[in-house]
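Everything in the sequence shown is counted per numbering that gives the first Met the number 0, starting at 0 for the first residue and increasing by one. Glycine included, C-beta positions come from ideal geometry on N, C-alpha and C. Below is one structure, written out as structure tokens; the observations come after it.
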Amino acid sequence: MSDPHQAPGGRSDFRADVLLVPNLISLGRIAGVLVAAICIFAEYYVAAVALGLISGFSDYLDGYFARKLNQTSELGALLDSLADILAALICMTLGVYFRLWPVYLLLAWGIRDMAVLAMRASAAQQGFAIPTSFLGKVAMNFTGWAYMLLGFDLVRPFSGIAWLTEGLHWFALGAIHAGIALQWIVAIIYVRAYAARYRGNRGSGAVS
0 MSDPHQAPGG
10 RSDFRADVLL
20 VPNLISLGRI
30 AGVLVAAICI
40 FAEYYVAAVA
50 LGLISGFSDY
60 LDGYFARKLN
70 QTSELGALLD
80 SLADILAALI
90 CMTLGVYFRL
100 WPVYLLLAWG
110 IRDMAVLAMR
120 ASAAQQGFAI
130 PTSFLGKVAM
140 NFTGWAYMLL
150 GFDLVRPFSG
160 IAWLTEGLHW
170 FALGAIHAGI
180 ALQWIVAIIY
190 VRAYAARYRG
200 NRGSGAVS
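As structure tokens, then:
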């Protein structure tokens, strides 16, 4: 039975994959995060928080629909990763720019993510993949909720309730620290997996 998303010659039909429901959700998340960042600097704070929350919750929807509708694709994996990285980059930068989060968090996140991306690219060149970790999903939940709470910390809609405003700030700060710490633990797990497969490839002569 032929794959409806395959074009003549066996190549993936890019346009058909773009129109898959999970991929449209990922594209919407990318657009939503970018517009939310613009709204912050344009001082449309309510719109920024609304778009940020919608974009954040949509991260759960693309995976759900991919499984529900059996619409997985390589493009979908790329868009999902791009949306996650873009959201993290913008949120971390905003947190540091507005002096709500310390700059070392941005550095810790950036160094870790660049290292993992480079390691995955190297593994792909050698013909193997680094398996994802459940702990990585836990870390993403911590950071994801921290990013959404950051919106409230930026806008401060409860400025008349000091304990709630401060509570949200410290809760977001704690969550982002926990999330990035877990990400580094996951990175160590990935390094061990990479090293084990790399040594195996060296032994078989697969790596020059």
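Cβ pair count under 8 Å reaching 3, the segment 41-51 against the segment 97-113: no
Quick one: what does DSSP say D12 is sitting in, helix, strand or coil? coil
Cβ-Cβ distance between R196 and A122 below 8 Å: yes
Considering only their Cβ atoms, is the gap separating L19 from G75 smaller than 8 Å? yes
Distance between L23 and A145 (C-alpha atoms, nearest Å): 25 Å
On the three-pair Cβ rule with 8 Å, is the segment 178-195 touching the segment 111-119? yes
Hey, out of A128, S25, F170, M147, whose CA is closest to F64's CA? S25
For H176, I'd like the list of residues in its chain whose CB is within less than 8 Å of its CB, leaving aside the five on either flank, ordered along the chain. L104
Distance CB(L118)-CB(V45) smaller than 8 Å: Looking at the sequence provided, one finds Met at residue 118 rather than Leu. For M118 and V45, no; Cβs fall outside 8 Å.
Which residue marks the beginning of the alpha helix (DSSP H) containing G230, and which one marks its end? Residue 230 lies beyond the residue range present for the chain, which begins at 0 and ends at 207; the question has no answer from this structure.
Other residues of its chain near L106: CB distance less than 6 Å, five sequence neighbours each side excluded: none
From D152 to W169, what does the alpha carbon distance come to, in whole angstroms? 9 Å
For S80 and D16, which I take to be in contact (beta-carbon distance under 8 Å), what is that distance rounded to the nearest angstrom? Not a contact, Cβ separation roughly 15 Å.
What's the gap between the Cα of C90 and the Cα of N69? 31 Å
Take G143 as the anchor and find which of A41, I29, D83, E42 has the nearest alpha-carbon. D83
In the DSSP assignment, find the unbroken alpha helix (DSSP H) run with Q124 in it and report its ends. 102-124
Minimum Cβ-Cβ distance from T164 to chain C less than 8 Å: Checking the listed chains, one finds no chain C in this structure; it contains a single protein chain.
Report yes if the C-beta distance between G150 and A47 is below 8 Å; otherwise report no. yes
Spatial neighbours of V95 within its chain, please: CB distance less than 6 Å, with the 5 preceding and 5 following residues excluded, ordered by chain position. V102, L105
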